[in-house]
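Visitor: My questions will all concern the structure given below.
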Amino acid sequence: MDFAWWHWLLLGVVLMGIELRLGALFVCWFGAGAWVVAGVLYAFPGATFGAQVFLWLTASMTLVWTWFQIFRR
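The numbering of the sequence shown is this note's numbering, which starts it at 2 and goes up by one.
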């Protein structure tokens, strides 16, 4: 299964749409993580699917962690 950069861009849009319905400010970071992957894949299109998922999870968790660090203050 290969994902192109636009698949990740679309996933980010879908996740942001879900966030608009939920309003919890949690799903948006996973959407932003998908946009990070879309940007990386646009620049480096040869990444494997496993690397893409790893990057998405890493970017999403980093964004969530950063949000909670800022929110806690």
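The beta-carbon is built from N, C-alpha and C at its ideal position, and this holds for glycine as well.
Every value quoted in this text rests on a predicted model; they were computed, and no experiment measured them.
#1: So, with DSSP's three-state summary, where would you put Met2?
#2: Using a Cβ-Cβ cut-off of 8 Å (strictly less than) and excluding sequence neighbours within five positions of Asp3, which residues of its own chain qualify?
#3: Are Leu1 and Trp30 closer than 8 Å when you measure CB to CB?
#4: Go to Ala58, then tell me how far its alpha helix (DSSP H) extends in each direction, as first and last residue.
#5: List the endpoints of the continuous alpha helix (DSSP H) containing Leu42.
Guide: The answer reads as follows:
#1: coil
#2: Phe50
#3: Here the chain has residues from 2 to 74 only, and residue 1 is not among them.
#4: Checking the sequence, you will find Leu at residue 58 rather than Ala. Per DSSP, Leu58 belongs to the alpha helix (DSSP H) from Phe50 to Arg73.
#5: Val28 to Ala44
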